[in-house]
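Have a look at the structure below before the remarks.
Protein chains: 2
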Amino acid sequence: MVFVMDEFELYKHLKIGSVRRIVQGSLMKEGCTRVKGEVVADNLIEADLRGIPSHGVARLQRYLEHIRQGVIDPKSKPRVVYQTALSAVVDGMNGIGQYTAKVATDLTIKMAKKTGAGIVVVRNSNHYGIAGYYAERIAKSGMIGFSATNTAPMVVPTFSRETILGTNPIAVAFPADLGYPYMVDMATSVIPRGKLEVHARNKKAIPAGWCVDAQGHTTTDPGEVLENLKGKKGGGILPLGGEGEEFGGHKGYGLAMIVELLTAGLSLGEPSWETYRGGHGGICHLFAGIRVDLFGDPERITERFTSLLMKVKTGNKACGAKEIYLHNEKEYRARAVNIKMGVPVDRATYNMLVDISRRYGLGVRL
Amino acid sequence: MVFVMDEFELYKHLKIGSVRRIVQGSLMKEGCTRVKGEVVADNLIEADLRGIPSHGVARLQRYLEHIRQGVIDPKSKPRVVYQTALSAVVDGMNGIGQYTAKVATDLTIKMAKKTGAGIVVVRNSNHYGIAGYYAERIAKSGMIGFSATNTAPMVVPTFSRETILGTNPIAVAFPADLGYPYMVDMATSVIPRGKLEVHARNKKAIPAGWCVDAQGHTTTDPGEVLENLKGKKGGGILPLGGEGEEFGGHKGYGLAMIVELLTAGLSLGEPSWETYRGGHGGICHLFAGIRVDLFGDPERITERFTSLLMKVKTGNKACGAKEIYLHNEKEYRARAVNIKMGVPVDRATYNMLVDISRRYGLGVRL
Chain A
138 MVFVMDEFEL YKHLKIGSVR RIVQGSLMKE GCTRVKGEVV ADNLIEADLR
188 GIPSHGVARL QRYLEHIRQG VIDPKSKPRV VYQTALSAVV DGMNGIGQYT
238 AKVATDLTIK MAKKTGAGIV VVRNSNHYGI AGYYAERIAK SGMIGFSATN
288 TAPMVVPTFS RETILGTNPI AVAFPADLGY PYMVDMATSV IPRGKLEVHA
338 RNKKAIPAGW CVDAQGHTTT DPGEVLENLK GKKGGGILPL GGEGEEFGGH
388 KGYGLAMIVE LLTAGLSLGE PSWETYRGGH GGICHLFAGI RVDLFGDPER
438 ITERFTSLLM KVKTGNKACG AKEIYLHNEK EYRARAVNIK MGVPVDRATY
488 NMLVDISRRY GLGVRL
Chain B
138 MVFVMDEFEL YKHLKIGSVR RIVQGSLMKE GCTRVKGEVV ADNLIEADLR
188 GIPSHGVARL QRYLEHIRQG VIDPKSKPRV VYQTALSAVV DGMNGIGQYT
238 AKVATDLTIK MAKKTGAGIV VVRNSNHYGI AGYYAERIAK SGMIGFSATN
288 TAPMVVPTFS RETILGTNPI AVAFPADLGY PYMVDMATSV IPRGKLEVHA
338 RNKKAIPAGW CVDAQGHTTT DPGEVLENLK GKKGGGILPL GGEGEEFGGH
388 KGYGLAMIVE LLTAGLSLGE PSWETYRGGH GGICHLFAGI RVDLFGDPER
438 ITERFTSLLM KVKTGNKACG AKEIYLHNEK EYRARAVNIK MGVPVDRATY
488 NMLVDISRRY GLGVRL
């Protein structure tokens, strides 16, 4: 479950169509096709609507810079370089991550529809937005949907002080009748980088158990951690479970390693610690779909998923707790509001969008 | 990674053959076939050799009781109740968990050899020992091996106070040239139940972040938690990531839910909270294998796995740390010692084995 609307200062809700025109328009001016622009816009706007601004339109500026720096090739097409009836390896050809991921997701669904399961690994891609976007699309086809990706390095393995692993999110989505797809979409690190940035901006100490310094020891100074990450001095964010083994930090470290092996390992692409070198991103992804009817009547199984989930949802709350949430529930509740109100942005993102509209001569009023 | 030899008081190393004769012999006297006895003995002894005594021969007494109580049917055979080219649902028919799991693992490997991937879900089973035992066997066939199981309920979802989820371990094993299979085998809870028991016995407080009381609030009293678990009063162990969302407890809760849905959901079996009711175990498992050559030359991919792992292994250590461990490394290091010294047991387990040998007239000297 992603932290929804957490530590986010709303400035305005913007018309979805206007935001879409800015994202798509600026990308097209940089050489993307209409379809590529559309896919990126949809992905980023979905993140904002769900209350995940760290993966929303705030990213647009960085994508445009990456295109201009040659990290992202707006014109390349992903290539299938290896394929069986239920698996494929895709070379992203340094193209825009969301489009490559869309092609890989479509291929996953197509193979699973035919053979029961599909697994696609991708190398030489770029940032692809929220992992759950793809897992959810797969689940909408009556499958259990999986997606995972490695990322720029910022996580330190248990007992290490090297900034070597990515936040390496895993998303798993199930078809269920909850009014939204049940989905766990989680970084395998204890926190996302965005939390550090907010604490640094507000000059607030971070709790012990989130990060280590360049020596590999607990620190509560978010500014120091960010400096070390920028300067590649060592240290960074801890894996889920925190420092050492007392609270299971070795488990989060294990989950991050599983993601490295399933993405960079299987695709023979770059691991997190070799991404963004030599002028290209080198991000690797995994997509998988397993048809629910491989195990019997899909309606009965979907009903079973629903009843298991509702049993947990309606359990006795901890004294003082407001609610027990299912994963993806908060996101869809945010989405239901934002789809009417518009894309929620903070002041910096608003200014960025106004500036991009102006610079690219898009003439979109916000 | 399982906590190896942690909080374990060694009394003696016992001859592997002698322990095997007691496990197999007593189970056969209770009506198991020779093969079933062998499989259980191998599984329990492997756990002890690897330094995981919580899943070792100490369990034998409970298995024998379960047979006598009718929870485990020693004579039943698992049945395949649904099958496609790459998937199956197995009804464990309340048989002994390790044997049912062996049959399901064999089927997984057979299907994956033929079609590239195999996924088997199991219902109506019993405790199956360490999850990694099965994932590792699948990985030895040149596949990525997966296994997961639900368990008796003892874990509390984020913001709940109900003891509803199991410790729900996940094991993922990869072929690699490390001298041992790389494997992450982890309960999705912050700690296993055994840790609580040791703290209670030693009258030591537990760290805040391991458990909650019957109201769903942090407690440091291990005795209270164990009492609540026994009396089904609520509370219990926290998911990986601890209490609330600050350290990602909702992520461990998500991983546990994924296991419930993939085991009890897909097999239409019992979720953790309905196990051990009405006189049967009702435990559900998942097994899966994905052939590495679905993605290209298996040798190159295995080499890639190895080099990625060794890069992390040989990274800069945190100041003061002895070593960066890979998952399964400690276990195999323990195994290398114990395979020569014998099965390590504590005093209580030694006494139990002596007693079982006597009661069943097995005449095994320890």
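So the sequences go chain by chain: A and B. For the first sequence, my numbering assigns the number 138 to the initial residue and increments by one for each residue that follows. For the second sequence, my numbering assigns the number 138 to the initial residue and increments by one for each residue that follows. The beta carbon of each residue, even a glycine, is placed where N, CA and C say it ideally should be. Just so we're clear, the structure is a prediction, and the values are computed from it rather than from any experiment.
Just the Cα atoms here: how many angstroms apart are P190(A) and T486(B)?
54 Å
Contact set between Y219(B) and chain A, taken where Cβ atoms lie within less than 8 Å:
F432, G433
Does the Cβ of S444(A) have 16 or more other Cβ atoms within 10 Å, making it buried, or fewer, making it exposed?
exposed
Could you say if the segment 306-324 of chain A and the segment 357-371 of chain A meet the contact criterion of at least three C-beta pairs nearer than 8 Å?
no
How close, in whole Å, do the beta carbons of L499(A) and R205(A) come, if the pair is a contact with beta carbons under 8 Å?
Wrong, their Cβ atoms sit about 17 Å apart, outside the cutoff.
Measuring CB to CB, does K166(B) end up less than 9 Å from L503(B)?
no
Limits of the beta strand (DSSP E) - the one that A285(B) falls within
280-286
Ignoring anything shorter than 4 residues or poking outside the segment 386-435 of chain B, list the alpha helix (DSSP H) runs there in chain order.
386-397
In its own chain, which residues sit with a C-beta less than 8 Å from the C-beta of L403(A), not counting the 5 before and 5 after it?
V226, V258, L423
Residues of chain A with CB under 9 Å from Q352(B), in chain order?
A455, C456, G457
From I256(A), V474(A), E436(A), pick the residue whose C-alpha is nearest to that of F527(A); which is it?
Here chain A covers residues 138 to 503 and nothing more, so residue 527(A) does not appear.
Would you report the Cα separation of D492(A) and V156(A), rounded to the nearest angstrom?
12 Å
Have a look at A425(B) and L399(A) and give me their C-alpha separation to the nearest angstrom.
14 Å
N-terminal and C-terminal residue of the beta strand (DSSP E) that K370(A) is part of
Note, K370(A): premise wrong, no beta strand (DSSP E); not H, not E.
Does any C-beta atom of chain A lie closer than 9 Å to the C-beta of P215(B)?
Closer than 9 Å: no.
Between T286(A) and chain B, is there a C-beta pair that is closer than 9 Å?
no
Give the range of the alpha helix (DSSP H) segment to which A238(B) is assigned.
234-252
From N488(A) to A241(A), what does the alpha carbon distance come to, in whole angstroms?
Cα-Cα distance, rounded: 34 Å.
Just to confirm the assignment, what range does the alpha helix (DSSP H) spanning V501(B) have?
Run containing V501(B): none; DSSP gives neither H nor E here.
State the beta-bridge partners of D322(B) as determined by DSSP.
A308(B)
Let me confirm a value: T451(B) is counted as buried when at least 16 other C-beta atoms fall within 10 Å, else exposed. Which label applies?
exposed
In three-state DSSP terms, what is A225(A)?
strand
Strictly by DSSP, which residues pair up with T355(B)?
V349(B)
Given L375(B), which residues of its chain have a CB within under 8 Å of its CB, disregarding the five upstream and five downstream residues?
If we look at L375(B) and ignore the five residues flanking it on each side, its Cβ neighbours are V292, V293, S326, V327, G346, W347, C348, V349, G386, G389.
Just the Cα atoms here: how many angstroms apart are E380(A) and R171(A)?
46 Å
Could you tell me the distance, in whole angstroms, from the CA atom of I267(B) to the CA atom of I275(A)?
31 Å
What are the residues in the segment 329-347 of chain A lying within 9 Å of chain B by C-beta distance?
P344, G346, W347
Once DSSP output is grouped into helix, strand and coil, what is the label at V141(B)?
A caution first: V141(B) carries a pLDDT of 48, below 50, which makes its placement in the model too unreliable to give a value.
Compare the C-alpha of G253(B) against each of V449(B), V429(B), E146(B), A471(B) and name the closest.
V429(B)
Please report the distance separating the alpha-carbon of V449(A) from that of I461(A).
8 Å
How many angstroms separate the CA atom of E440(A) from the CA atom of A249(B)?
29 Å
Could you tell me which chain B residues have their CB closer than 9 Å to the CB of P312(A), listed as they occur along the chain?
Ordered by position in chain B, no residue passes the 9 Å Cβ test against P312(A), which lies about 10 Å from the chain.
Is the CB-CB distance between L151(A) and V482(A) below 9 Å?
yes
Can you find a CB in chain B that lies within less than 9 Å of the CB of K152(A)?
Taking Cβ atoms only, chain B never reaches closer than 9 Å to K152(A), which makes this a no.
Taking just the CA atoms, how far does R495(A) sit from D434(B)?
50 Å
Here's a check: name, in chain order, each residue in its chain whose Cβ is nearer than 8 Å to the Cβ of K370(A), leaving out the five neighbours to either side.
Within the same chain, K370(A) has close Cβ partners A351, E364.
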